[in-house]
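Step one of this worksheet: look at the structure below.
2 protein chains.
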Amino acid sequence: MSFADAFQKYIKSPEKFPSIIKYHDDNVIIIRDLFPKSVCHYLVIPRSNEITHIHPLDAFYKDYSNITGQELYDLMETYVTKAKDLIIEDLKGMFNKCELNNLKLQEFKNSFIKVGVHSIPSLRNLHIHVITSDFESPSMKHKKHYNSFNTDFFVGFDKLNPMLNKRYQTIVSRSGPAGGEEDYASDSTNSEDDNIYDDYGDDQIEYVSHIRNEGMLMNIIKQSPLKCQSCGKSFGNKFQELKKHLHEEYLTKYGQFDNFDHDNIVQYYEDRPR
Amino acid sequence: MSFADAFQKYIKSPEKFPSIIKYHDDNVIIIRDLFPKSVCHYLVIPRSNEITHIHPLDAFYKDYSNITGQELYDLMETYVTKAKDLIIEDLKGMFNKCELNNLKLQEFKNSFIKVGVHSIPSLRNLHIHVITSDFESPSMKHKKHYNSFNTDFFVGFDKLNPMLNKRYQTIVSRSGPAGGEEDYASDSTNSEDDNIYDDYGDDQIEYVSHIRNEGMLMNIIKQSPLKCQSCGKSFGNKFQELKKHLHEEYLTKYGQFDNFDHDNIVQYYEDRPR
DNA sequence: TATTCCGATAGTGAC
DNA sequence: GTCACTATCGGAATGAG
């Protein structure tokens, strides 16, 4: 068992690690990332042996003995929501008397939490990241950390919905490899799933363009200039300057909450389970 | 006054720095390098304002108001000998009762001390390095330190003898730029300085080939693989491995002396004036 | 090529 | 692509009154 199988013992015997595992049932465990790259950083990890070693870009596109890919996706979506709720609870804990902030917390939950997977996971057990977008953390230590969440190396959970891939298959099977946008536009008129397809307009053409070439992906996280996803400012290769900037962004973002206290966040890191 | 003029105050007022300056008279000061790159590392620094800012590769090739280049070279040679004697005194001090080692010390003096200049000095005042060949020192910290003494970037004092350049000039003036080895061989028969030229045979043809191109010189110290000048072993860019090897070579070399004690050498560094 | 400080870059080993 | 550790490599500032 190498480092890459670090989650194996958790999904096998969650009851043995009560301090680490925030939630578990027969389907998943939810844990805090041991090296969180943001103030809040959770992982949703399916427990099934049949599923755990499937590549994250394939996991929801195939069917299993007891569950279809679509059903697995929908199921995981419920656990992602649970992880988001854990984040909200964390925030309430950090800011103490936050009853007045519930509206802001909802907005926060809906727009400031990223959910998705790494195109090349280092840890082999399938896991879904649920992470706040501050990237303010002592464990955020170099360019690859940041770019693995802020480039195409990171694939949003919504882009993994097999419904999108199913449509892609439909297009391909009808038009063949040479099919272009015209084929794509034409099939919205005769599919039985029009209502669903209409939810994703032509500007969603990229939905199945997940990069799988490992060299290309490594290049993306190694070579892409560091860019703040909030304000768009680029920092080239100057990671420490990005860190300073992210800290400013973080103070602004979390400062919207009453009782915001940076020391509470620092304490959060010091108290976190190792 | 920038860092590059660090020696200026010493040559102006040597009497103000008695703890740093090991020897001084009207012509030169001799100091220990403040960041010695070997167990023993002295600098011979001419005091004359007329001379001090001449490039080391030119300094002995031109005449001054009160001294010719050749006279300056011969004069500096006497101070180089004095610096070597200071090194011998250092070694005696390190090993304490070394009366029995005088023969070995003479051999050491004649074959283990390098004398010369850097092709691109960082400190502007003309200075001649007189340094033991161990390169065992806490101040030996990176590749450029080592290569600045162990590649063509370092020009031996013997190669700066203007006698050699004078002969080169003779060749060039007689044969023109296209002149080759035939011209070189022919002029030994009709020069009034035959006796001198005969001291440097045809295998000394490289005597004036000092590289002056700055880019080329920078490349030499930056790119040349690290190579032990004692045993010839190459260490590529692995400076720390070279350091370990040099330490072994040093233990062997200095172990030839009675009463060798490595801790004495370490103490030597800790006690050295800063 | 002076030093020192900081930081970016690169390779390793981990059980 | 995990971490932590070591080391290599790269730029920038450096003083004095």
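Taken in order, these protein sequences are the chains called Y and V.
All residue numbers for the first sequence refer to my numbering, where the first residue is 1 and numbers rise by one.
All residue numbers for the second sequence refer to my numbering, where the first residue is 1001 and numbers rise by one.
Just so it is clear, CB atoms sit at the ideal spot from N, CA and C, and this is done for glycine as well.
Since the model is a prediction, treat every value here as computed from it, not as a measurement.
- Across the set V:Lys1141, V:Ala1059, V:Asp1152, the C-alpha of V:Lys1141 shows the shortest separation from the C-alpha of Leu1242 of chain V.
- Across the structure, Ile1020 of chain V and Asn1110 of chain V are spaced so that their CA atoms are roughly 26 Å apart.
- Between the region 218 to 230 of chain Y and the region 9 to 19 of chain Y there are fewer than three inter-stretch CB-CB distances shorter than 8 Å, so the stretches are not counted as touching.
- Around the beta-carbon of Ala1004 of chain V, fewer than 16 other beta-carbon atoms lie within 10 Å, marking it exposed.
- In this structure, V:Tyr1023 is the residue among V:Tyr1023, V:Lys1143, V:Arg1212 with its C-alpha nearest to the C-alpha of Tyr1042 of chain V.
- In this structure Ser1038 of chain V is in contact with Ser1133 of chain V, their Cβ atoms being roughly 7 Å apart against a cut-off of 8 Å.
- With the rule of 3 Cβ pairs closer than 8 Å, the region 1047 to 1067 of chain V does not count as touching the region 1078 to 1091 of chain V.
- In this structure, the straight-line span from the alpha carbon of Tyr146 of chain Y to that of Ser230 of chain Y is close to 13 Å.
- Residue environment for Gly69 of chain Y: buried (at least 16 other C-beta atoms within 10 angstroms of its C-beta).
- Looking only at Y:Glu15, Y:Thr78, Y:Glu214, the smallest Cα-Cα distance to Ser119 of chain Y is reached by Y:Glu214.
- Beta-bridge partners of Tyr1042 of chain V (DSSP): V:Arg1032, V:Val1130.
- With respect to Cys228 of chain Y, Leu246 of chain Y sits close: the two C-beta atoms are nearer than 8 Å.
- In the same chain as Asp1090 of chain V, and ignoring 5 residues on each side of it, the C-beta atoms closer than 7 Å to its own belong to Cys1040, in chain order.
- Measuring C-alpha to C-alpha distances from Leu57 of chain Y to each of Y:Pro225, Y:Phe112, Y:Gly236, Y:Asp158 identifies Y:Asp158 as the nearest.
- Burial state of Glu1107 of chain V is exposed, judged by a 10 Å Cβ sphere holding fewer than 16 other Cβ atoms.
- Shown here for Ile131 of chain Y: same chain residues with a beta carbon closer than 6 Å to its own, the five before and five after excluded, namely Ser38, His41, Lys114 in chain order.
- Linking Ile88 of chain Y to Phe112 of chain Y through their CA atoms gives a straight-line distance of about 11 Å.
- Partner residues in the beta bridge of Phe154 of chain Y, as assigned by DSSP, are Y:His118.
- His245 of chain Y: member of the alpha helix (DSSP H) spanning 239 to 255, first to last residue.
- When DSSP states are grouped into helix, strand and coil, Tyr1023 of chain V belongs to the strand group.
- In this structure, Phe95 of chain Y lies near Asn259 of chain Y, with their beta-carbon atoms less than 8 Å apart.
- For Leu75 of chain Y, the uninterrupted alpha helix (DSSP H) run begins and ends at 69 to 95, by DSSP.
- Per DSSP, reduced to three states, the secondary structure at Ser1230 of chain V is coil, with no helix or strand assignment.
- Excluding residues up to 5 positions away in sequence, Leu43, Ile45 lie with their Cβ nearer than 6 Å to the Cβ of His127 of chain Y in the same chain.
- By the neighbour-count definition (other C-beta atoms within 10 Å, threshold 16), Leu1103 of chain V is an exposed residue.
- Taking C-alpha positions only, Ser1139 of chain V is separated from Leu34 of chain Y by approximately 40 Å.
- Partner residues in the beta bridge of Ile1113 of chain V, as assigned by DSSP, are V:Thr1132.
- Sorting V:Met1163, V:Thr1078, V:Leu1105, V:Asp1261 by C-alpha distance to the C-alpha of Ile1030 of chain V places V:Thr1078 at the top.
- Closest in alpha carbon position to Asp26 of chain Y, among Y:Ser13, Y:Phe17, Y:Leu164, is Y:Ser13.
- Straight-line measurement puts the Cα of Phe135 of chain Y at about 11 Å from the Cα of Lys244 of chain Y.
- In the three-state reduction of the DSSP assignment, Tyr1064 of chain V falls in the coil class, being assigned neither a helical nor a strand state.
- Contact annotation: Arg1124 of chain V and His1053 of chain V have beta-carbon atoms nearer than 8 Å.
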